[in-house]
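S.K.: My questions will all concern the structure given below.
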Amino acid sequence: MGYAEDGRIATYTVASGDSLWAVGDRLCIYNALALGALNGDEAYEVIQPGDVLVIDPAAVPDFEYEYSGT
1 MGYAEDGRIA TYTVASGDSL WAVGDRLCIY NALALGALNG DEAYEVIQPG
51 DVLVIDPAAV PDFEYEYSGT
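Using the UniProt record's numbering, the letters of the sequence shown correspond one by one to residues 1 to 70.
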């Protein structure tokens, strides 16, 4: 894991067997769709061991998550 200056987790390196949902659950991020949105469209596909996921929205300039669910 990578940490921001204030000590918050900023990044997570994907391990074998991880999914967006498992990573989100482990790090208390209960919206895997937001986690995917932070990491680009390819993150919605399959994440691979060694991929580095952005966890902290502050690390992505101009990031806004819009929920358009029904």
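Cβ atoms here follow ideal geometry from the backbone N, Cα and C, with glycine treated the same way.
No experiment lies behind these values; they were computed from the predicted model shown.
When the distance is taken between beta carbons, is Leu-20 closer than 7 Å to Leu-38?
M.R.: Result no, Cβ atoms of Leu-38 and Leu-20 do not sit closer than 7 Å.
S.K.: Using only the alpha-carbon positions, how far apart do Leu-27 and Val-14 sit?
M.R.: Roughly 12 Å separates the two Cα atoms.
S.K.: Buried or exposed for Gly-50, going by 16 or more other Cβ atoms inside 10 Å?
M.R.: Classification of Gly-50: exposed, given that the 10 Å Cβ count is below 16.
S.K.: What ranges does the beta strand (DSSP E) occupy inside the UniProt domain "LysM" (10 to 55), keeping only unbroken runs of at least 3 residues that lie completely in it?
M.R.: Here the runs fully enclosed are 52 to 54.
S.K.: Given a cut-off of 7 Å, decide if Thr-11 and Gly-24 are closer than it, judged by their beta-carbon atoms.
M.R.: No.
S.K.: Could you check the C-alpha separation between Ala-32 and Gly-7 for me, to the nearest Å?
M.R.: Using only the alpha carbons, I get a separation of about 22 Å.
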